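Asker: Handing you a structure now.
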Amino acid sequence: MSDCVTNDFVHQLDRQYVFHSWSSQGKLDPLVIAGGKGCRMWDYAGKEYLDFSSQLVNTNIGHQHPKVVAAIQAQAETLATVAPAHANLARGEAAKRILERAPGPFSKVFFTNAGADANENAMRMARSFTGRDKILSAYRSYHGNTGAAIVATGDPRRIPNEFARGHAHFFNPYLYRSDFWAVDETQECERALQHLQRVIECEGPGSIAAILLETIPGTAGVLVPPKDYLQGVRKLADQYGILLILDEVMAGFGRTGRWFAFEHFAVEPDLVVFAKGVNSGYVPTGGVIVSDAICRHFDDHMFFGGLTYSGHPLAMASIVATLDAMRDEGVVENADRVGNGVLAKGLQQLAADHAVIGEVRGLGVFHALELVSDRRSRAPLPAAEVAKLKSAMLAKGLLPFVIENRLHIVPPCIVSEAEVEQGLAILDEVL
Ligand code: PLP
């Protein structure tokens, strides 16, 4: 069928019938994608793109990994769907593999359909476990676009909801645009923790069930926290009997060069929220890794959570195959070596050569370039300029991930040094 399909045909079909997410429908001009392999995607005219977006920071193992595709096919032939209440081999194997990779006091995995509902369920677990109501989360964050997850989200896309019950926000560290007038990382860390303690005290420690944080806020700008910040948050949480939920939907499963980003900060959360990289998004899924103490609580308390497709067998089979392939092919090690090596150095070199880059930050294959019109004032590059850069990159075959005035440099974890160099050369030309 695809032999006679053209870019124009698919574009028209989309514009006529598809209602897009996060957009006003009249202004859309979506890029047509026909296929992909590894770090590359292409359209129906054969134009190829190097995917430095990982499709919303998702395809850690790249496009069309043959073992993952085969595992989904095999599962579809055996049992294409099964209700969450049944015991199922693929689901058990998927949970076991996730727990084998998660360092900490975890004993079970709760599966969901995506990242947002994983956050919903983590918050519900925390509320039930503590008997408290409030969730504290960061202003600079994204936790998903469902009821409670979007209220927990603090970034500028947050849907205002003054009637939301049981949520409060705090400022998390972002030294480049410090909310604390800090001049270095130590000051930013100390002041952010003092501020968080103040918020806890003002909101009433006895009413707070959990602090929900992305280990490294992704959509908000790949904000790698100061090295002692998360340990400080953990201490405050313990001091007030509050749970710590780390959202690793974007940062987890290899992206930072570790299986989990919290491994960089020697901190143990009570609940870990995941999605995306766990199976590179081949089939929608997500989940919550649950500590032993919380699991024991639910031995004799009802948990009111779950959807028809939770732990769907096609998703579970893809998790098993993805995590096995990542282990066998050294994908996490590759993200560490290439991401913290040639990619990080190359981005620093770009910043040295181009005044439009105000800051480079990140870990592994999880980086962001902060684009500014003036380095001294740090004024964000205007949207029209950013849009021009984006078009120029696409014209040269680089698929970027652009958010506000930032270029998020997030290729798949399998990216090779040669592919990074090709992408950096395009960035260099365009900037
Ligand atoms: N949490 C984080 C940190 C995310 O980055 C995202 C999505 O980008 C979500 C949650 C929501 O995940 P989903 O879109 O799968 O619901």
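Counting from 1 along the sequence shown, just add 11 to a position and that's the residue number in the working numbering. Ideal Cβ positions, reconstructed from N, Cα and C, are used throughout, including at glycine. The model shown is predicted, which means the values in this text are computed figures rather than measured ones.
Assign Tyr185 to one of three DSSP states: helix, strand, or coil.
Answerer: In the structure shown, Tyr185 sits in coil (DSSP, three-state: anything other than H, G, I, E or B).
Asker: Any heavy atom of ligand 1 within a distance shorter than 8 Å of the CB on Gly126?
Answerer: Yes.
Asker: Hey, is Asp444 close to ligand 1, as in C-beta under 8 Å from one of its heavy atoms?
Answerer: Nothing about residue 444 can be read from this structure; the chain reaches only from 12 to 442.
Asker: If distances are taken between C-alpha atoms only, which option among Ala149, His312, Lys145, Tyr185 comes closest to Ile219?
Answerer: Nearest option by C-alpha distance: Lys145.
Asker: Out of Arg135, Glu104, Ala96, point me to the one whose CA is closest to Thr319's CA.
Answerer: Selected option, being the one with the closest Cα: Ala96.
Asker: Do Met52 and Leu442 have their C-beta atoms closer together than 9 Å?
Answerer: For Met52 and Leu442, no; Cβs fall outside 9 Å.
Asker: In three-state terms, what does DSSP make of Ser302?
Answerer: DSSP places Ser302 in strand when its eight states are reduced to three.
Asker: For ligand 1, is there a heavy atom less than 8 Å away from the beta-carbon of Thr70?
Answerer: Outside the cutoff, so no.
Asker: Specify, as a first and last residue, the run of the alpha helix (DSSP H) that Ile414 falls within.
Answerer: Looking at the DSSP string, Ile414 is not in any alpha helix (DSSP H); the run it does join, the beta strand (DSSP E), is 412–414.
Asker: Mapping the DSSP letters down to three states, classify Gly341 as helix, strand or coil.
Answerer: It is coil, neither helix nor strand.
Asker: Return yes when the C-beta of His154 is under 8 Å from any heavy atom of ligand 1, and no when it is not.
Answerer: Yes.
Asker: Taking Gly217 as the reference, which of Leu147, Ala85, Arg188 has the closest Cα?
Answerer: The shortest C-alpha separation from Gly217 is found at Leu147.
Asker: Report back the beta-carbon spacing between Leu382 and Leu392 to the nearest angstrom; my notes put them in contact at under 8 Å.
Answerer: Indeed they touch by this definition, with Cβ atoms about 4 Å apart.
Asker: Give the secondary structure of Val371 by DSSP, where H, G and I count as helix, E and B as strand, and everything else as coil.
Answerer: Strand, per DSSP.
Asker: Could you say which of Ser152, Gly316, Trp33, Asp40 lies nearest to Asn18 if we only look at CA atoms?
Answerer: Looking at the Cα atoms, Asp40 is the closest of the given residues.
Asker: Taking the beta carbon of His10 as the centre, do at least 16 other beta carbons fall within 10 Å, making it buried, or is it exposed?
Answerer: Lying outside 12 to 442, the shown extent of the chain, residue 10 is not represented and no answer is given.
Asker: Heavy atom of ligand 1 less than 8 Å from the Cβ of Glu415, yes or no?
Answerer: No, the beta carbon of Glu415 sits no closer than 8 Å to any heavy atom of ligand 1.
Asker: Rounded to a whole number of angstroms, what is the C-alpha to C-alpha distance between Arg112 and Tyr28?
Answerer: Cα to Cα, Arg112 sits roughly 42 Å from Tyr28.
Asker: What whole-angstrom Cβ distance do Leu247 and Leu207 have, given they're in contact under 8 Å?
Answerer: Confirmed, Cβ separation roughly 6 Å.
Asker: Helix, strand or coil for Ser148? Go by DSSP, reduced to three states.
Answerer: Ser148: strand per DSSP, three-state reduction.
Asker: Using DSSP with H/G/I as helix, E/B as strand and the rest coil, what is Gly57?
Answerer: Note: Gly57 maps to coil in three-state DSSP.
Asker: With DSSP as the reference, label Ile420 as helix, strand or coil.
Answerer: In the structure shown, Ile420 sits in a strand (DSSP, three-state: E or B).
Asker: What are the boundary residues of the alpha helix (DSSP H) that includes Glu88?
Answerer: Here the alpha helix (DSSP H) through Glu88 covers 77–89.
Asker: Look at the Cβ atom of Val299, then the Cβ atom of Leu325, and state whether they are nearer than 9 Å.
Answerer: Going by C-beta atoms, Val299 is not nearer than 9 Å to Leu325.
Asker: Is any heavy atom in ligand 1 found nearer than 8 Å to the beta carbon of Lys399?
Answerer: No.
Asker: For the stretch 100–109 against the stretch 129–143, do three or more pairs of beta-carbon atoms, one drawn from each stretch, fall closer than 8 Å, so that the two count as touching?
Answerer: No, because fewer than three Cβ pairs between the stretch 100–109 and the stretch 129–143 fall closer than 8 Å, the two stretches do not touch.
Asker: Name the DSSP beta bridge partners of Gly47, please?
Answerer: Met52.
Asker: Can you name, in chain order, every residue of its own chain whose Cβ lies under 6 Å from the Cβ of Arg135, other than the five neighbours on each side?
Answerer: Only Gly316 meet the Cβ criterion.
Asker: Using CA atoms only, rank isn't needed, just tell me which of Phe30, Phe20, Ile222, Gly263 is closest to Asn69.
Answerer: It is Gly263.
Asker: What residue does the beta strand (DSSP E) around His451 start on, and which one ends it?
Answerer: Residue 451 is absent from the model: the chain starts at 12 and stops at 442.
Asker: Taking DSSP's pairing of strands, which residues face Ala258 in a bridge?
Answerer: According to the sequence displayed, residue 258 carries Asp and not Ala. Note: Asp258 sits in a beta bridge opposite Glu225, Val284.
Asker: Per DSSP, what kind of secondary structure is Phe122 in: helix, strand or coil?
Answerer: Strand, per DSSP.
Asker: Please classify Ser32 as buried or exposed, where buried requires at least 16 other C-beta atoms within 10 Å of its C-beta.
Answerer: Flag for Ser32 reads exposed.
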